[in-house]
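Residue 8 in UniProt numbering is what sits at position 8 of the sequence shown, and the numbering runs on without skipping anything. Reading through the structure tokens given below for one structure.
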Amino acid sequence: MFYYILVGILALLAGVAIGFFIARKYMMNYLQKNPPINENMLRVMMMQMGQKPSQKKINQMMKAMNNQMK
């Protein structure tokens, strides 16, 4: 009787751990393929803040954001 409870608890813990790592891997891949912000969105945000975005500045900000994601 005790072994059934022990096996059940161990199976539950293993399932939670495996599920966590699978979900984490899925989200990392999703965010790499679909970044939350792109160049057009960055350009619009800079224009809304009153800055005139140059391509060089946008490239620098995108590179910094991509480095931060890694």
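C-beta atoms are modelled at their ideal positions from N, C-alpha and C, and glycine is treated no differently.
Hey, could you find the ends of the alpha helix (DSSP H) residue i is sitting in?
i	result
Gln55	Gln55 to Met69
Is residue i helix, strand or coil by DSSP?
i	result
Gly19	helix
Asn38	coil
Gln51	coil
Met27	helix
Please determine, among the options, the residue with the shortest C-alpha to C-alpha distance to residue i.
i	options	result
Glu39	Val16, Met27, Gln68 and Met61	Met61
Gln55	Arg43, Gln48 and Met49	Arg43
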